[in-house]
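Q: Numbering (my numbering), first residue to last: 776 to 1081. Glycine included, every Cβ here is placed at the ideal spot set by N, Cα and C. Input: one structure, supplied below.
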Amino acid sequence: MIDYHEPVLLRESVEALITEPNGTYVDLTFGGGGHSRAILDRLGPKGKLISFDQDADAAARALNDPRFQLVQHNFRHTRSFLEYLKAVPVDGILADLGISSHQIDVDHRGFAHRFDGPLDMRMDQDADFSAADLVNQYSEAELARVFKQYGEMSNAKRLASEIARYRKAKNIESISDFKTAIEACTPKLHPAKFYSPLFQALRIEVNREMEALEQVLIDSEHLIREGGKFVVISYHSLEDRLVKNYFNTGNLDGKRHTNLYGWSDEPFDNERSKPIVPSEEEIARNSRARSAKMRIGIRKAWKKTN
Ligand SMILES: C[S@@+](CC[C@H](N)C(=O)[O-])C[C@H]1O[C@@H](n2cnc3c(N)ncnc32)[C@H](O)[C@@H]1O
776 MIDYHEPVLL RESVEALITE PNGTYVDLTF GGGGHSRAIL DRLGPKGKLI
826 SFDQDADAAA RALNDPRFQL VQHNFRHTRS FLEYLKAVPV DGILADLGIS
876 SHQIDVDHRG FAHRFDGPLD MRMDQDADFS AADLVNQYSE AELARVFKQY
926 GEMSNAKRLA SEIARYRKAK NIESISDFKT AIEACTPKLH PAKFYSPLFQ
976 ALRIEVNREM EALEQVLIDS EHLIREGGKF VVISYHSLED RLVKNYFNTG
1026 NLDGKRHTNL YGWSDEPFDN ERSKPIVPSE EEIARNSRAR SAKMRIGIRK
1076 AWKKTN
C-alpha cells in the first residue's frame, strides 16, 4: 500500500521474474508487500511465494493468502530457510534492496535526518547493535572507513575525529546529539545533501547490508532452477556493482575465473548489459525511485550441491 511504501519498477520487475505461473518465487524484501502482492496476482492456484523481511513492522503486514509465507529473518540466511522448507530450486528470486518509505518516514526508527529521535537505524528491531553503538564504540579509523566506503564522504577523517572528540565528554544517543557532534563539519548551505550519504553510510554498516547482499548473491546459484531469474533492484552504486559483477562473471570482484582449459562457468547470464531504470513518469510520481537500477540474471544450469 502506498502509505507504507510505493513499489519501484513494479511492472518491469514482476514481468521479468515470473516465467512459470505455478512456480515457487521468493521476495527477499517484503517491505509494504507491493511487489509480493503483484507477484501473487500473477501466480496461478499452485504458485507459491516465500517473502523475507527482518523488520517486525513489515512482517506485521503479512498477506492473507494460502500461497504466501513470510519469513521474518535476514535474507542472508535464504539458502538455509529454502532448504529447510524444501523449496529448492525455486523459479525466481526478487530483491528490492535498501529501506522502505515507512522506515524513513517515522521518527522513532532513527533512519531519517529530518527528525530527532534515537540514533537507531536497525532494520531488525531485535538486533543488538544500533547506529548509536556504532558511533560510540567504533575507533576513529573504523568510523572514517565507514564514512568513506559507504558514504563516499570527502571529509571522512575529520568527521571521525569530531565524533571521537565529542564522545569523550558525552555519549551520542540521538540524531540531534550526532548532528551536534559533527556541527563543525556540516555545511550551512543544503545540510540535507550532506546528511543523506552520511546517514546512508551508518545504515549500511549497522545492518551489514553489503554482507547480506554478497551472501545471497553467492548462494543464489544453488537456489534458482535453470532458466529461472534473479531480479535485483538496487539504490546505490556499491550494491549495483556487486550485482553486475556477479551476474557477469559469477564473482563479486568482477574477475572471470577460468579452469585449466581456459573455460569459465558463470552461473548466470546477464539479461541485458545495461540496467533497467524507472521511467521519467515513475520518477515524477515517486522521487524515491530516482536512483533505482534493476538487473536480471538468468540461471544457466542448476546443479544440486551438498
Ligand atoms: C525497499 S524496501 C522493499 C519494498 C517492497 N518491495 C514493497 O514493494 O513494499 C526494503 C525492505 O527490505 C528489508 N530488508 C533490507 N535488507 C534486508 C535483509 N538483509 N534481510 C531482510 N530484510 C531486509 C527492509 O526491512 C525493507 O522493509
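Going by beta carbon distance, what residues of the same chain come within less than 8 Å of G819, once the five residues before and after it are set aside?
A: For the purposes of this step, residue 819 is identified with residue 44 of the sequence shown, where counting begins at 1. Correct list, in chain order: P796, N797.
Q: In this structure, what does DSSP give as the bridge partners for Q844?
A: Locating residue 844 in the sequence shown gives position 69, counting from the first residue. Per DSSP, I825.
Q: Decide yes or no for the touch test of the segment 935-945 against the segment 867-880: beta carbon pairs closer than 8 Å, at least 3 of them.
A: They do not touch, by the three-pair rule.
Q: Taking S1012 as the reference, give the member of A831, M1069, A956 with the closest Cα.
A: One-based indexing of the sequence shown puts residue 1012 at position 237. Comparing Cα-Cα distances from S1012 to each of A831, M1069, A956, the minimum goes to M1069.
Q: Round the Cβ separation of A1067 and Y1010 to the nearest angstrom and send it over; I've been treating them as touching at under 8 Å.
A: Residue 1067 sits at position 292 when you count from the first residue of the sequence shown. Residue 1010 sits at position 235 when you count from the first residue of the sequence shown. Indeed, because the Cβ distance is near 6 Å, the residues count as touching under 8 Å.
Q: How would you call A1064, buried or exposed, if buried means at least 16 neighbouring beta carbons within 10 angstroms?
A: Counted from its first residue, the sequence shown places residue 1064 at position 289. By the neighbour-count rule (16 or more Cβ atoms within 10 Å), A1064 is buried.
Q: Please list, in chain order, all residues of the same chain as S936 whose beta carbon is under 7 Å from its beta carbon, the five residues on each side excluded.
A: Locating residue 936 in the sequence shown gives position 161, counting from the first residue. E915, listed in sequence order.
Q: Could you tell me whether any non-hydrogen atom of ligand 1 is closer than 6 Å to the CB of N849?
A: Here the question's residue 849 lines up with position 74 in the sequence shown. Under cutoff, so the answer is yes.
Q: What number of angstroms, rounded off, separates the C-alpha of H883 from the C-alpha of A931?
A: In the sequence shown, counting from the first residue as 1, residue 883 sits at position 108. In the sequence shown, counting from the first residue as 1, residue 931 sits at position 156. Their Cα atoms are separated by approximately 26 Å.
Q: Please report how far the alpha carbon of I1073 lies from the alpha carbon of A791, in whole angstroms.
A: Taking the sequence shown and counting its residues from 1, one reaches residue 1073 at position 298. Taking the sequence shown and counting its residues from 1, one reaches residue 791 at position 16. One C-alpha to the other measures close to 10 Å.
Q: Among V1018, D1015, S1062, V1006, which has the Cα closest to the Cα of S1103?
A: No statement about residue 1103 is possible, as the shown extent of the chain runs from 776 to 1081 and does not include it.
Q: Could you give the residue range of the alpha helix (DSSP H) that holds Y941?
A: Along the sequence shown, one-based indexing puts residue 941 at 166. Note, Y941: alpha helix (DSSP H), 931-944.
Q: Could you give the C-beta distance for Q990 and R851, rounded to a whole number, given that I count them as a contact under 8 Å?
A: Taking the sequence shown and counting its residues from 1, one reaches residue 990 at position 215. Taking the sequence shown and counting its residues from 1, one reaches residue 851 at position 76. At roughly 4 Å, the Cβ-Cβ gap stays under 8 Å, so Q990 and R851 are in contact.
Q: If you draw a straight line from the C-alpha of T1024 to the C-alpha of D1044, how long is it?
A: Working through the sequence shown from its first residue, we reach residue 1024 at position 249. Working through the sequence shown from its first residue, we reach residue 1044 at position 269. Rounded to the nearest angstrom, the two C-alpha atoms are 9 Å apart.
Q: So E917 is in the alpha helix (DSSP H); what residue range does that whole segment cover?
A: Translated into positions along the sequence shown, residue 917 becomes position 142. Element bounds for E917: 915-926.
Q: I need the straight-line Cα distance from I1049 to E1014, nearest angstrom please.
A: Within the sequence shown, numbered from 1, the residue matching residue 1049 stands at position 274. Within the sequence shown, numbered from 1, the residue matching residue 1014 stands at position 239. The sequence given here places Lys at residue 1049; Ile does not occur at that position. Distance between the alpha carbons of K1049 and E1014: 15 Å.
Q: Roughly how many whole angstroms lie between the Cα atoms of L977 and H965?
A: Reading the sequence shown from its first residue, position 202 is the one you call residue 977. Reading the sequence shown from its first residue, position 190 is the one you call residue 965. Distance between the alpha carbons of L977 and H965: 20 Å.
Q: From what residue to what residue does the alpha helix (DSSP H) around K968 run?
A: In the sequence shown, the residue the question calls residue 968 occupies position 193. Run containing K968: 966-981, per the alpha helix (DSSP H) assignment.
Q: Around the Cβ of L1035, are there at least 16 other Cβ atoms within 10 angstroms (buried) or fewer (exposed)?
A: Locating residue 1035 in the sequence shown gives position 260, counting from the first residue. Label assigned to L1035: exposed.
Q: Using CA atoms only, rank isn't needed, just tell me which of R1016, I1071, G873 is closest to R754.
A: Outside the modelled stretch of the chain, which goes from 776 to 1081, sits residue 754, for which no answer is possible.
Q: Alpha carbon to alpha carbon, how far is M776 from L815?
A: Against the sequence shown, residue 776 aligns to sequence position 1. Against the sequence shown, residue 815 aligns to sequence position 40. For M776, the pLDDT reaches just 42, beneath the cut-off of 50, and the residue's location in the model is therefore unreliable, leaving the point undetermined.
Q: Would you mind stating whether Q1082 and H848 have Cβ atoms separated by less than 7 Å?
A: A question about residue 1082 goes unanswered here, because the residues of the chain that appear run from 776 up to 1081.
Q: On the premise that L918 lies in contact with A906, defined as a C-beta separation below 8 Å, what is that separation, rounded to the nearest angstrom?
A: Position 131 of the sequence shown, counting from 1, holds the residue named residue 906. Position 143 of the sequence shown, counting from 1, holds the residue named residue 918. Actually they are not in contact, since the Cβ atoms of A906 and L918 sit about 11 Å apart, beyond 8 Å.
Q: At the level of alpha carbons, what is the spacing between K821 and I793?
A: Here residue 821 is taken as the residue at index 46 of the sequence shown, counted from 1. Here residue 793 is taken as the residue at index 18 of the sequence shown, counted from 1. Each residue's alpha carbon lies about 14 Å from the other.
Q: Does any heavy atom of ligand 1 sit closer than 6 Å to the C-beta of S995?
A: Against the sequence shown, residue 995 aligns to sequence position 220. It does not: the Cβ of S995 is nowhere closer than 6 Å to a heavy atom of ligand 1.
Q: Classify N1081 as buried or exposed, calling it buried when 16 or more other Cβ atoms lie within 10 Å of its own Cβ.
A: As a position in the sequence shown, residue 1081 is number 306, starting the count at 1. A caution first: N1081 carries a pLDDT of 49, below 50, which makes its placement in the model unreliable, though a value can still be read off. N1081 should be labelled exposed.
Q: Short of 7 Å in beta carbon distance, which residues of its chain neighbour N1020, apart from the five on each side in sequence? Order them along the chain.
A: Against the sequence shown, residue 1020 aligns to sequence position 245. Hits under 7 Å: N1026, L1027, D1028, G1029.
Q: Looking only at its chain, what residues have a beta carbon closer than 6 Å to the beta carbon of R933, apart from the 5 residues adjacent to it on each side?
A: In the sequence shown, the residue the question calls residue 933 occupies position 158. Hits under 6 Å: C960.
Q: Tell me whether D871 counts as near ligand 1, meaning its Cβ is closer than 6 Å to at least one heavy atom of that ligand.
A: Looking up residue 871 in the sequence shown gives position 96. Yes, since a heavy atom of ligand 1 falls inside the 6 Å radius drawn around the Cβ of D871.
Q: Within its chain, find whatever has a CB closer than 7 Å to the CB of G926; leave out the 5 residues flanking it on each side and keep chain order.
A: The count along the sequence shown starts at 1 and reaches residue 926 at position 151. Closer than 7 Å at the Cβ level, and outside the excluded window around G926, lie P972, L973, Q975, A976.
Q: Confirm, please, whether the CB-CB distance from G808 to S875 is below 7 Å.
A: Along the sequence shown, read from residue 1 onward, the residue named residue 875 stands at position 100. Along the sequence shown, read from residue 1 onward, the residue named residue 808 stands at position 33. Cβ distance not < 7 Å, so S875 and G808 don't count as in contact.
Q: For K954 and A987, what's the separation of their Cα atoms in angstroms?
A: The count along the sequence shown starts at 1 and reaches residue 954 at position 179. The count along the sequence shown starts at 1 and reaches residue 987 at position 212. Answer to the nearest angstrom: the Cα atoms are 29 Å apart.
Q: Can you tell which of I957, S826, E1001 has its C-alpha closest to the C-alpha of Y800?
A: Mapped onto the sequence shown, residue 800 falls at position 25. Among I957, S826, E1001, the Cα nearest to that of Y800 is on S826.
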